[in-house]
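Once you know that position 26 of the sequence shown is 26 in UniProt numbering, the rest is easy, because the numbers rise by one and skip nothing. Have a look at the structure below before the remarks.
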Amino acid sequence: MFSKILKEKRKELGLTQQEVADHLNVTRQTISNWEVGKSYPDIPTLVEISNFYNLSLDYMLKGDEQFMEKVKKDTKQLDRYKNFMKIICYAMLIITFFYLAGHEIGKAWYYFTN
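Written as structure tokens, this is what we have:
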């Protein structure tokens, strides 16, 4: 369904795959793959396509179960990435705290022993 909508809208506007590709900053082959259903765009590109063709995301996605699964998978992957980044940030904060605390303890120890 999604691939059919893309192809029909492009032809309706009288655009070539290359013109659409140039606007979306992808290759012509990528547009071809989307239009035949070999692959799907990522979420940010999907929003760009929606704006470019003046189509709602709801209209483009309804009825295409395979694409909906890709969107769900991408969303889960983004959530995992965000959680991973949170863990890295917390670890850096803890390391920084212990480094600074250790540095201050070392200075205090120096003052007491000298």
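All C-beta atoms in this analysis are idealised placements derived from N, C-alpha and C, irrespective of residue type, glycine included.
Look up residue i in the DSSP assignment and say whether it is helix, strand or coil.
i   : result
T16 : coil
D79 : helix
G63 : coil
M1  : coil
Between the Cα of residue i and the Cα atoms of the options, which residue gives the shortest distance?
i   : options                : result
V71 : L55, Q18 and S39       : S39
H23 : Y53, I5 and G37        : Y53
S3  : Y81, F84, I105 and I49 : I49
P41 : I105, T16 and M68      : M68
I59 : E12, L6 and Q17        : With the sequence shown as reference, residue 59 is identified as Tyr, and Ile is not the correct amino acid for it. That would be L6, whose Cα lies nearest to the Cα of Y59.
G37 : E12, L15, Q18 and M1   : M1
Contact defined as beta carbons within less than 8 Å: I believe residue i pairs with residue j. What is the distance between those atoms, to the nearest angstrom?
i   : j   : result
L57 : L46 : 7 Å
I43 : D79 : Going by Cβ atoms, the distance from I43 to D79 rounds to 12 Å, so no, they are not a contact pair.
R10 : V26 : So it is not a contact: roughly 13 Å between Cβ atoms.
Worksheet item: How about the stretch 62 to 77 and the stretch 87 to 99: do they share at least three Cβ pairs that are nearer than 8 Å?
Response: No, the stretch 62 to 77 is not in contact with the stretch 87 to 99.
Worksheet item: Three or more C-beta pairs closer than 8 Å, one from the stretch 92 to 104 and one from the stretch 21 to 38: is that the case here?
Response: Contact between the stretch 92 to 104 and the stretch 21 to 38 is absent, with fewer than three C-beta pairs closer than 8 Å.
Fill in: Runs of alpha helix (DSSP H) lying entirely within the UniProt domain "HTH cro/C1-type" (6 to 60), each at least 4 residues, in chain order
Taking 4 residues as the minimum length, the alpha helix (DSSP H) runs contained wholly in the UniProt domain "HTH cro/C1-type" (6 to 60) are 17 to 24, 28 to 36 and 43 to 53, in order along the chain.
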